[in-house]
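Student: Have a look at the structure that comes next, please.
Residue numbers (my numbering): 2 to 1102.
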């Protein structure tokens, strides 16, 4: 089954662009940041240490207590929490650390999370995953509850425990390692029996290992508590999982999907009942019937600008009708923005006592298992009865235990009246019984992401909660061959829980696998943890290779959980590999710091790829993914793809000969704003920020770099410019000359003057010239108003030192300009009063608009100033002469210091300048301004990212890894997934098979590659193809043509060896490790129909 457009409306959410159910979403590996000062870092660690020691000192009277509580201890606990929280409040939100999470949640939601206390009861694999995700998210406190002790069995599913923890209380053994994830969160343990009264200390409680009877008792208390306490019950039993949520009698969701409100630019509004509103065809409207919208900036029909939400109907791509009579309104003239109003939603949850017997609609994840949730609803109840009756789980492989559970399920079904099932699959219940005791890590990771997100919803009201039951299974992950009871017996191994589900044969395959993980960011960390716990590459024959050329930065720490703040600046792959071996010391891992691409094929050579069992991509860009996909297709290796974008995630399985490859499907490139719109006619803040980033890079990076290129080798540089003799070369030379002559800065006052004059140029003079060239009443060649939507008529700005926005822009520009010239920055520059005095000293020349200035209005133009002129070469020679005179006056060895944009350092003034540029420009055009954080998201191209969706994606992918390494699974056993935790929505379907090409009695797909041995001549290769009924008319190697039937001179090559031609014509280098050359052949059949044939490998060694 394939997704047939069900989620096509979600495609525009996906970054980078791919089909949501088959492709990827760009998983973000963040850019660089600055490190806290050592004093700040020590203070954070000391504070957390004080909190932890204080918690431990109270164990006997508080957290390891009986049902009675010590009031003084509770007061001490409250003081401790307040102390730690006070430190967080003093710093507010650490935007360097949480920037990617802020892009998903926003500040208000983050503050609500910072005030939330959560209980996680049951610290086996699922509880550990949930706690990890909550601590990374930054809730106020997480209390870990478990009365049991760590067993060897637990090591298969819990990344916290090691063999040295066996025999310790699970909660106590978890505190220290989880605390390391986020020192600001208070992590504490509770090791005694819970009472319902203790639940009142929390905003949300999660139970992962609790009887149904006790769960109903606790849920009743939480449901009736004032205010209600969010209650979540979740279980992972082998390849089966469940979630139940109850957030109380009335729960308000403030934002059901987390998406930005949709907007449209108005083109016309009729005076009718109902009124027809048409919008410009710049972008399709995303409104739906029944949406509420508000209007602003409407001219003429000004009554609509009252801020009143209005309901719409008949929503179309570029129009809708308004449920309002506008007959007596003023006539629409021009302008106007319509914006969707997001409405809160109130949900009424049923308590578990009622919901267990009347569950309502189940949230479906796999359309091929439409009836499965109702069966699993019975199965989990039957398991509870089994455990209650026998005080143990069913034994793996024990048919007697399985039959008892099936009997319990039948009894529950018979006692159901309205919800009685006609058929309960005994085979499914048998699988459920056999694996019931096991907590598998991929399942724990997946459900840890889902449940973690539900807790965050409960604490914040952000995103729509799961309502109310969700069941999932992955029985198709089981081995294709039936397992007998001897195969699932425990071996006194850390993998015993996994063996009880999959058997010892598959466990051996996992351990001997040779795996390549590309990337060790957020996805890579989760994958490393999962495979280490699964035992992948932990045998004598196994090996895991991980590579990443990036280093750890502060913004990584809120998601990339294998890293700590003391790792900042270190290589990601090295630290991640070390952390993975601490999870499982048997892991055979090699870490590399190489980018995977054509330039590293000497490292990742043919032998490397041929030796692999599977490749796992954990990348953050499409080009790298496409390259790895091409390598996997070439060497016929399975590839597990996954990606995240905020609360969304997806996985794609690329299996040789069974599925299409990753590169088989491409969405159109993301729409870019026309150059003229960005440069002269912006109509939204994105346009302003795109322009601002471009100006930043031009002024502070590209031009200084050009200056240095010229000064490093003036003769070569000027010769290249003379040879080019085009408008671009002229513009470049003008910028270099300007930087070294008229705008050269030698003192800090020069920098202040430069910045002040830039303000005047950008926000006054250019606008004056624009509206002089195109006055407000200007018309197009067709007679239509020039300044019609989406264009916005601008107004020039008058500088005022009293305006903080004006002054801050000039200050940021002055500081950065000084840095490019190596000028020391005095302290007074950051004093607003003294700085304003310096700015007032700058003499600003009078500006007069000029006649005949050409301003680009063609939306198809790719640049704004590159029209060639016959005089360009003359001007270039003149500019070079002037440059030579300037160079003679420079001090010896003078060089500028180009500034590369760095978004994650809030002290470097980069984002201050970009936000200032964008917001001042927005004021020119009456566009709403944004704060520096929002500007950072847009200009810095920050991809929203959270730990929960990452955990879910990797858990799902590792369920597929069982199938890949087992071998023998059919395409219908595999699953591609798209999920959106915000909605929540889970959609799984089998992958798309590869396209099959048929010719005569042959057929092939993208996975096939033809090989020709013994280095044939060109004539022999053509004859080899002719024998297959294929007439080759073109043969190429790389980007070079080795043969084309249209070129007579190519017939002289017929008796040359193909490899020799590749060396001679294509200049192919053949290192010792390369044994073949690949050629692309274009063919026709005997009827002159083009036939796409596989790549041909010519072997010569």
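Cβ atoms here follow ideal geometry from the backbone N, Cα and C, with glycine treated the same way.
(1) Return the CA-CA distance between residue 811 and residue 679, expressed in angstroms with no decimal places.
(2) Can you tell me whether residue 418 is buried or exposed? The criterion is at least 16 other CB atoms within 10 Å of its CB, across all chains shown.
(3) Can the beta-carbon of residue 245 be found less than 8 Å from the beta-carbon of residue 470?
(4) Going by Cα to Cα distance, which pick from 779, 522, 586 is closest to residue 643?
(5) For residue 682, which of 533, 925, 971 has the nearest alpha-carbon?
(6) From this set, 262, 326, 232, 137, which residue's C-alpha is nearest residue 278's C-alpha?
(7) For my contact list, residue 694 and residue 940 are in at a C-beta cut-off of 8 Å; report their separation, rounded to the angstrom.
(8) Here's the rule: buried if 16 or more other CB atoms are within 10 angstroms of the residue's CB, otherwise exposed. What is residue 1040?
(9) Apart from the five residues just before and just after residue 183, which ones in its own chain have a Cβ nearer than 7 Å to its Cβ?
(10) How about residue 1 and residue 438: are their beta carbons less than 8 Å apart?
(11) I'd like the list of long-range same chain contacts for residue 474, defined as Cβ closer than 6 Å, with 5 residues on each side in sequence excluded.
(12) Per DSSP, which residues does residue 593 bridge with? Please list them.
(13) Alpha carbons only, please: which of 433, 372, 421, 420 is nearest the one belonging to residue 400?
(14) When DSSP labels each residue in this structure, what does residue 727 get in the three-state scheme?
(15) Per DSSP, what kind of secondary structure is residue 629 in: helix, strand or coil?
(16) In its own chain, which residues sit with a C-beta less than 7 Å from the C-beta of residue 387, not counting the 5 before and 5 after it?
(17) Would you call the stretch 578-590 and the stretch 606-617 touching, i.e. three or more CB-CB distances under 8 Å?
(18) Would you say the stretch 931-940 touches the stretch 779-799, given that touching needs at least three Cβ pairs under 8 Å?
(19) What is the DSSP secondary structure of residue 1, counted as helix, strand or coil?
(20) Ordered along the chain, which non-local residues of its own chain (more than five positions away) have a Cβ less than 6 Å from that of residue 128?
(21) How would you label residue 391, buried or exposed, when you count the other beta carbons within 10 angstroms and need 16 or more for buried?
(22) Could you tell me the alpha carbon to alpha carbon distance between residue 1093 and residue 1083, rounded to whole angstroms?
(23) Can residue 980 and residue 526 be called in contact, C-beta distance under 8 Å?
(24) So residue 130 and residue 445 are supposed to be a Cβ contact under 8 Å. How far apart are they, rounded?
(25) Where DSSP assigns a beta bridge to residue 145, which residues make up the other side?
(26) If you draw a straight line from the C-alpha of residue 90 to the C-alpha of residue 113, how long is it?
(27) Which runs of the beta strand (DSSP E) at least 3 residues long sit entirely within the stretch 345-420? Give them in chain order.
(28) Just the Cα atoms here: how many angstroms apart are residue 341 and residue 262?
(29) Using the C-alpha atoms, what's the distance from residue 739 back to residue 851?
(30) Tell me which residue opens and which closes the beta strand (DSSP E) that residue 1003 is part of.
(31) So, with DSSP's three-state summary, where would you put residue 472?
(32) Within 10 angstroms of the Cβ of residue 983, are there 16 or more other Cβ atoms? Answer buried if so, exposed if not.
(33) Just the C-alpha distance for residue 859 and residue 283, rounded to the nearest angstrom, thanks.
(34) If you follow the alpha helix (DSSP H) that residue 509 is in, where does it begin and where does it stop?
(35) Once the 5 residues before and after residue 301 are set aside, which same chain residues still bring their CB inside 8 Å of it?
(36) In angstroms with no decimal places, state the Cα-to-Cα distance between residue 501 and residue 398.
Tutor: On the basis of the supplied data:
(1) C-alpha separation (whole angstroms): 22 Å.
(2) exposed
(3) yes
(4) 522
(5) 925
(6) 326
(7) 5 Å
(8) exposed
(9) 136, 137, 139
(10) Missing from the structure shown is residue 1; the chain here goes from 2 to 1102 and no further.
(11) 240, 241
(12) 548
(13) 433
(14) coil
(15) helix
(16) 395, 405, 406, 409
(17) no
(18) no
(19) A query on residue 1 cannot be resolved here, the shown segment of the chain reaching from 2 to 1102 and no further.
(20) Sequence-distant Cβ neighbours of residue 128 in its own chain, meaning closer than 6 Å and more than five residues away, are 121, 209.
(21) exposed
(22) 7 Å
(23) no
(24) 5 Å
(25) 121, 190
(26) At residue 90, the pLDDT of 42 sits below 50, so the modelled position is not reliable; the number obtained from the coordinates is stated separately. About 12 Å.
(27) 346-348
(28) 5 Å
(29) Straight-line Cα distance between these residues: approximately 21 Å.
(30) In the DSSP assignment, residue 1003 falls within the beta strand (DSSP E) that extends over 1003-1005.
(31) Strand at residue 472.
(32) Buried.
(33) 15 Å
(34) Taken as a continuous stretch (DSSP letters only), the alpha helix (DSSP H) holding residue 509 covers 497-512.
(35) Excluding sequence neighbours, residue 301 sits near 331, 332, 333, 334, 335.
(36) 8 Å
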